[in-house]
Amino acid sequence: HEEFDMVMGMIADGRFRTEPLHSSTVSLGDLDAALADLASGVSTQTKVLVDPRL
92 HEEFDMVMGM IADGRFRTEP LHSSTVSLGD LDAALADLAS GVSTQTKVLV DPRL
């Protein structure tokens with residue numbers, strides 16, 4: 092749990108940028124297409140978040 096605290100501190104003070112880890116946000120309606128893209132093996136997406144409010 093020491094590593095977790097260290098990384099959370101790095102995120103909080105800007106030493107570790109999280110933006111590059113998030114590729115896109117999709118709605119539930121677009122989830123099938125997003126999963127197909129990820130499964131294709133040619134996707135450049137690294138992390139896709141699903142937001143049911145979209």
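Once you know that position 8 of the sequence shown is 99 in this note's numbering, the rest is easy, because the numbers rise by one and skip nothing. C-beta: ideal position from N, C-alpha, C; glycine also.
- The residue from Asp121, Ala130, Ser134, Leu129 with its alpha-carbon nearest to that of valine 141 is Asp121.
- DSSP places valine 133 in the coil class of the three-state scheme, outside both helix and strand.
- Residues Ser118 of the same chain have their beta carbon placed closer than 6 Å to that of leucine 145, with the five preceding and five following residues left out of the count.
- Per DSSP, the beta bridge partners of threonine 116 are Leu140.
- Taking C-alpha positions only, threonine 109 is separated from methionine 101 by approximately 10 Å.
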